[in-house]
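Residues 45 to 328 (this note's numbering) make up the sequence shown, in order.
Yeah, the Cβ is synthetic: ideal placement off N, Cα and C, and Gly gets one too.
No experiment lies behind these values; they were computed from the predicted model shown.
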Amino acid sequence: MANQAYPMALVTQDSLDGYIRSVNSYPMLTADEERELAERLHYDGEIEAAKGLILSHLRFVVHVARGYSGYGLPMADLVQEGNIGLMKAVKRFNPEVGVRLVSFAVHWIKAEIHEYVLRNWRIVKIATTKAQRKLFFNLRKSKKRLGWFNNGEVETVAKELGVEPSEVREMESRLAAQDSTFEMQSDDDDTGSYTAPALYLEDKSSDLADDYEAQNWEDHTNNRLGHALATLDERSQHIVRSRWLDDNKSTLQDLADTYGVSAERIRQLEKNAMKKLKAAVGEF
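This is the structure:
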C-alpha cells in the first residue's frame with residue numbers, strides 16, 4: 045500500500061532514488077488496458093482511472109527529465125514539473141483520437157519542464173520569444189565543447205537551426221554571461237532605465253505545448269524541403285538556394301552572369317525548379 049502512495053507524494057532530492065525505484069515497479073499498460081482506463085476517465089470522470097494512467101507513465105517522465113540534466117537544475121524538480129505536465133495530459137487525453145497516451149503526453153511534459161527551466165535558469169530570463177527559446181534549447185545541444193564557437197561553427201549552427209549567425213553569437217554570449225541581479229537594487233535610480241530580470245520570466249502570450257508542437261512541425265517541413273531539393277539537378281538547386289534560401293539573395297542577372305545565359309533563361313529554370321520542388325514536397 046505504501047508503494048502505491050509513494051509516487052504521488054512530493055519528490056525531494058533525498059528521496060529521488062527511492063522514487064525512481066518505486067515508479068519503475070509499476071508495469072506499463074497494454075494498449076487495451078490504457079484505452080479502457082482512458083474511456084472510464086473521459087466518459088465517466090473516474091478518478092481511479094486517471095490515477096492508473098498517471099502511475100503507469102511516471103517512469104516516462106523520469107526518462108524525459110533526464111534529458112534536461114545539463115541545465116544544472118535539481119533532477120527532483122525537473123521530475124516534479126514533468127509530472128504536472130503528465131497530469132495535464134491525462135486530463136485532456138481523448139481515447140477516440142487513436143494515439144497512445146505517451147505520444148500525446150510528451151508535449152505536455154516537455155512544455156512544463158521548459159517552463160521551469162525558463163523560470164529558473166539564469167540567462168534564460170530574457171529568452172522570452174519563441175525564436176529565442178528554440179535557439180537556447182538547441183544551442184545547448186549543439187555546443188559539444190567548452191569555449192567559444194569559431195566562425196565556421198557559428199555558420200554551421202546557424203544553418204542547422206535556421207537563424208542568423210548574429211543570433212547564435214548573441215545567445216552564445218548569454219550562455220557564457222554571469223548571473224544577473226534578479227530584483228532591483230536599493231541604489232538603482234528610479235528613472236525607469238533599468239528593468240529587473242524578474243519581469244522577463246513569463247510570456248503569457250504563448251502556450252509552450254503549442255510552441256513545441258509547432259516546432260516539431262517546422263522541423264518536419266524543413267526535412268521534407270531538404271529531401272525535395274535533393275531531387276533537383278545541381279544547377280536548379282543552386283538557383284533555388286540563391287534566389288530564395290540564402291541570406292544574400294542573388295538577382296536573375298547575377299545568376300545569368302554566373303551561367304552565361306540570359307536573365308529570362310534563369311527565370312524559366314527557376315520556374316521549372318519551383319514546380320518540381322512543389323511536386324516533390326507533396327510526395328514526402
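Secondary structure of residue i, DSSP reduced to three states
| i | result |
| --- | --- |
| glutamate 199 | helix |
| aspartate 277 | coil |
| threonine 74 | coil |
| asparagine 194 | coil |
| arginine 144 | coil |
| valine 305 | coil |
| leucine 99 | helix |
| leucine 117 | coil |
| alanine 324 | helix |
| tyrosine 112 | coil |
| asparagine 138 | coil |
| lysine 132 | helix |
| methionine 318 | helix |
| aspartate 291 | coil |
| glycine 89 | coil |
Inter-residue Cα distance where the pair is residue i and residue j
| i | j | result |
| --- | --- | --- |
| serine 286 | isoleucine 310 | 12 Å |
| alanine 49 | valine 141 | Low confidence applies here, because alanine 49 scores a pLDDT of 43, under 50, leaving its location unreliable; read the following figure in that light. When rounded, the distance between both Cα atoms is 31 Å. |
| alanine 133 | methionine 318 | 41 Å |
| leucine 321 | leucine 313 | 12 Å |
| valine 168 | valine 161 | Residue confidence is low: valine 168 scores 46 on pLDDT, short of 50, so the model does not pin down where it sits. Its coordinate-derived value is still stated next. Straight-line Cα distance between these residues: approximately 8 Å. |
| histidine 86 | arginine 110 | 30 Å |
| phenylalanine 104 | arginine 268 | 29 Å |
| methionine 131 | isoleucine 98 | 7 Å |
| alanine 155 | glycine 129 | 7 Å |
| serine 100 | arginine 163 | 28 Å |
| leucine 81 | tyrosine 112 | 30 Å |
| valine 198 | tyrosine 70 | 45 Å |
| alanine 300 | leucine 122 | 56 Å |
| aspartate 277 | glycine 126 | 47 Å |
| glutamine 297 | leucine 289 | 17 Å |
| glutamate 78 | alanine 324 | 39 Å |
| serine 280 | arginine 65 | 57 Å |
| alanine 307 | valine 212 | 35 Å |
| valine 67 | glutamate 208 | 43 Å |
| isoleucine 157 | valine 150 | 11 Å |
| threonine 302 | glutamate 214 | 35 Å |
| leucine 102 | threonine 275 | 44 Å |
| histidine 271 | glycine 96 | 42 Å |
| tyrosine 115 | histidine 107 | 16 Å |
| histidine 282 | asparagine 194 | 26 Å |
| glutamate 159 | serine 294 | 41 Å |
| leucine 336 | glycine 196 | What the structure shows of the chain is the stretch from 45 to 328, and residue 336 is not part of that stretch, so it cannot be assessed. |
Boundaries (first-last residue) of the alpha helix (DSSP H) holding residue i
| i | result |
| --- | --- |
| valine 207 | No alpha helix (DSSP H) contains valine 207, which DSSP labels as neither H nor E. |
| serine 66 | 60–68 |
Beta-carbon separation (whole angstroms), residue i vs residue j, contact threshold 8 Å
| i | j | result |
| --- | --- | --- |
| leucine 73 | methionine 119 | Their Cβ separation, rounded to whole angstroms, is 25 Å, which puts leucine 73 and methionine 119 out of contact at 8 Å. |
| arginine 136 | alanine 75 | At roughly 19 Å, the Cβ-Cβ gap does not stay under 8 Å, so arginine 136 and alanine 75 are not in contact. |
| asparagine 266 | glycine 206 | 7 Å |
| glutamate 83 | proline 139 | 5 Å |
Chain B within 8 Å of residue i, Cβ atoms only
| i | result |
| --- | --- |
| alanine 323 | Going by chain labels, chain B is absent from the structure shown, which holds only one protein chain. |
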